[in-house]
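Comments concern the structure below.
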Amino acid sequence: MRAPHAAETGDQPDPQRPETGAEDDAAALEDKFDDEDYPAYSMGRAAEMLGVTPAFLRSLDTARLIVPQRSSGGHRRYSRYQLRLAQRARDLVDEGTALEAACRIIILEDQLAEAQLLNARLRQDRSAGETPRPPE
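Just so you know, we're using the UniProt record's numbering here: the sequence shown kicks off at 1 and counts up by one.
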(Lines of atoms letter the chains of each structure in order from A; the text may use other names.)
(Lines give C-alpha, C1' and ligand atoms only; values in the text may rest on other atoms or scores of the structure.)
Protein backbone atom coordinates (compact mmCIF):
# COMPACT_ATOMS: atom_id res chain seq x y z
CA MET A 1 0.00 0.00 0.00
CA ARG A 2 1.41 3.40 -0.95
CA ALA A 3 1.69 6.31 1.48
CA PRO A 4 -0.94 9.02 0.95
CA HIS A 5 0.21 12.14 -0.89
CA ALA A 6 0.05 15.48 0.99
CA ALA A 7 -2.82 16.66 -1.22
CA GLU A 8 -4.83 13.57 -0.27
CA THR A 9 -4.38 14.03 3.49
CA GLY A 10 -4.64 17.82 3.61
CA ASP A 11 -1.15 18.06 5.11
CA GLN A 12 1.23 20.69 3.82
CA PRO A 13 4.48 19.32 2.37
CA ASP A 14 7.65 20.17 4.25
CA PRO A 15 9.45 22.82 2.14
CA GLN A 16 12.80 21.71 3.61
CA ARG A 17 12.33 18.16 2.34
CA PRO A 18 11.33 17.72 -1.31
CA GLU A 19 9.21 14.75 -2.23
CA THR A 20 11.32 11.83 -3.34
CA GLY A 21 9.47 11.45 -6.63
CA ALA A 22 10.38 14.95 -7.79
CA GLU A 23 13.90 14.56 -6.45
CA ASP A 24 14.34 11.25 -8.28
CA ASP A 25 12.92 12.73 -11.49
CA ALA A 26 15.29 15.71 -11.32
CA ALA A 27 18.29 13.44 -10.70
CA ALA A 28 17.30 11.17 -13.58
CA LEU A 29 16.88 14.15 -15.90
CA GLU A 30 20.26 15.56 -14.88
CA ASP A 31 21.87 12.17 -15.54
CA LYS A 32 20.33 12.13 -19.03
CA PHE A 33 21.68 15.56 -19.91
CA ASP A 34 25.14 14.56 -18.65
CA ASP A 35 24.97 11.50 -20.91
CA GLU A 36 26.79 12.15 -24.19
CA ASP A 37 24.52 9.64 -25.94
CA TYR A 38 21.16 10.94 -24.68
CA PRO A 39 19.14 12.16 -27.70
CA ALA A 40 18.30 15.59 -26.32
CA TYR A 41 18.15 17.69 -29.51
CA SER A 42 15.52 17.87 -32.21
CA MET A 43 16.58 18.10 -35.83
CA GLY A 44 15.68 21.78 -36.00
CA ARG A 45 17.63 22.63 -32.86
CA ALA A 46 20.61 20.51 -33.96
CA ALA A 47 20.68 22.17 -37.39
CA GLU A 48 20.46 25.61 -35.79
CA MET A 49 23.28 24.86 -33.34
CA LEU A 50 25.56 23.58 -36.12
CA GLY A 51 24.62 26.18 -38.70
CA VAL A 52 23.51 23.54 -41.21
CA THR A 53 20.26 22.64 -42.89
CA PRO A 54 18.07 19.74 -41.79
CA ALA A 55 18.83 18.23 -45.23
CA PHE A 56 22.53 18.08 -44.30
CA LEU A 57 21.69 16.17 -41.11
CA ARG A 58 19.45 13.80 -43.10
CA SER A 59 22.35 13.22 -45.53
CA LEU A 60 24.56 12.17 -42.60
CA ASP A 61 21.84 9.70 -41.62
CA THR A 62 21.69 8.38 -45.19
CA ALA A 63 25.50 8.03 -45.20
CA ARG A 64 25.17 6.13 -41.87
CA LEU A 65 27.59 8.46 -40.08
CA ILE A 66 25.00 9.31 -37.47
CA VAL A 67 21.74 7.45 -37.05
CA PRO A 68 19.55 9.52 -34.75
CA GLN A 69 17.07 7.95 -32.42
CA ARG A 70 13.41 8.59 -33.10
CA SER A 71 10.90 10.15 -30.76
CA SER A 72 7.57 8.43 -30.17
CA GLY A 73 6.22 10.65 -32.96
CA GLY A 74 8.95 9.52 -35.37
CA HIS A 75 11.05 12.71 -35.22
CA ARG A 76 14.83 12.49 -35.28
CA ARG A 77 16.61 13.20 -31.98
CA TYR A 78 20.36 13.84 -31.75
CA SER A 79 22.86 13.38 -28.93
CA ARG A 80 25.80 15.65 -28.13
CA TYR A 81 28.16 12.95 -29.42
CA GLN A 82 26.29 12.86 -32.73
CA LEU A 83 26.38 16.65 -32.95
CA ARG A 84 30.17 16.58 -32.55
CA LEU A 85 30.41 14.10 -35.43
CA ALA A 86 28.08 16.25 -37.53
CA GLN A 87 30.20 19.34 -36.79
CA ARG A 88 33.34 17.48 -37.87
CA ALA A 89 31.56 16.43 -41.09
CA ARG A 90 30.53 20.01 -41.73
CA ASP A 91 34.10 21.22 -41.21
CA LEU A 92 35.47 18.65 -43.67
CA VAL A 93 32.78 19.40 -46.26
CA ASP A 94 33.42 23.15 -45.88
CA GLU A 95 37.12 22.43 -46.61
CA GLY A 96 36.11 20.74 -49.88
CA THR A 97 35.97 17.07 -48.87
CA ALA A 98 33.16 15.08 -50.47
CA LEU A 99 30.46 14.07 -47.99
CA GLU A 100 31.06 10.32 -48.41
CA ALA A 101 34.82 10.78 -47.90
CA ALA A 102 34.22 13.03 -44.89
CA CYS A 103 32.00 10.38 -43.30
CA ARG A 104 34.63 7.69 -43.89
CA ILE A 105 37.37 9.90 -42.40
CA ILE A 106 35.28 10.55 -39.29
CA ILE A 107 34.46 6.87 -38.83
CA LEU A 108 38.15 5.95 -39.11
CA GLU A 109 39.15 8.73 -36.69
CA ASP A 110 36.56 7.49 -34.21
CA GLN A 111 37.73 3.88 -34.53
CA LEU A 112 41.35 4.96 -34.08
CA ALA A 113 40.52 6.92 -30.92
CA GLU A 114 38.66 3.91 -29.52
CA ALA A 115 41.58 1.57 -30.31
CA GLN A 116 44.06 3.97 -28.70
CA LEU A 117 41.92 4.12 -25.57
CA LEU A 118 41.75 0.33 -25.42
CA ASN A 119 45.53 0.05 -25.90
CA ALA A 120 46.17 2.56 -23.12
CA ARG A 121 43.87 0.62 -20.79
CA LEU A 122 45.62 -2.67 -21.62
CA ARG A 123 49.06 -1.12 -21.06
CA GLN A 124 47.91 0.26 -17.72
CA ASP A 125 46.57 -3.15 -16.66
CA ARG A 126 49.76 -4.89 -17.75
CA SER A 127 52.01 -2.43 -15.89
CA ALA A 128 49.88 -2.90 -12.76
CA GLY A 129 50.21 -6.69 -13.12
CA GLU A 130 46.47 -7.16 -13.57
CA THR A 131 44.70 -9.53 -15.89
CA PRO A 132 43.56 -7.49 -18.90
CA ARG A 133 39.95 -6.32 -18.73
CA PRO A 134 37.64 -7.07 -21.63
CA PRO A 135 36.70 -4.02 -23.72
CA GLU A 136 33.63 -2.11 -22.57
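Heads up, the beta-carbon is just placed ideally off N, CA and C, and yes, glycines get one too.
Asked	Found
Secondary structure of arginine 58, DSSP reduced to three states	helix
Where glutamine 127 falls: helix, strand or coil (DSSP)	Reading off the sequence, residue 127 comes out as serine, not glutamine. Note: serine 127 maps to helix in three-state DSSP.
For arginine 104, the three-state DSSP class (helix, strand or coil)	helix
Separation of serine 71 from alanine 40, as counted between CA atoms	10 Å
Arginine 76, buried or exposed, once every other Cβ within 10 Å from all chains shown has been counted against 16	buried
Touching by the beta-carbon criterion (3+ pairs, under 8 Å), the segment 100 to 116 and the segment 54 to 67	yes
Residue from Tyr81, Ala46 and Gln116 with nearest C-alpha to tyrosine 38	Tyr81
Boundaries of the beta strand (DSSP E) in which tyrosine 78 is found, first to last residue	76 to 78
Of the listed residues Gln87, Tyr78, Ala89 and Ser127, nearest to arginine 45 (C-alpha basis)	Tyr78
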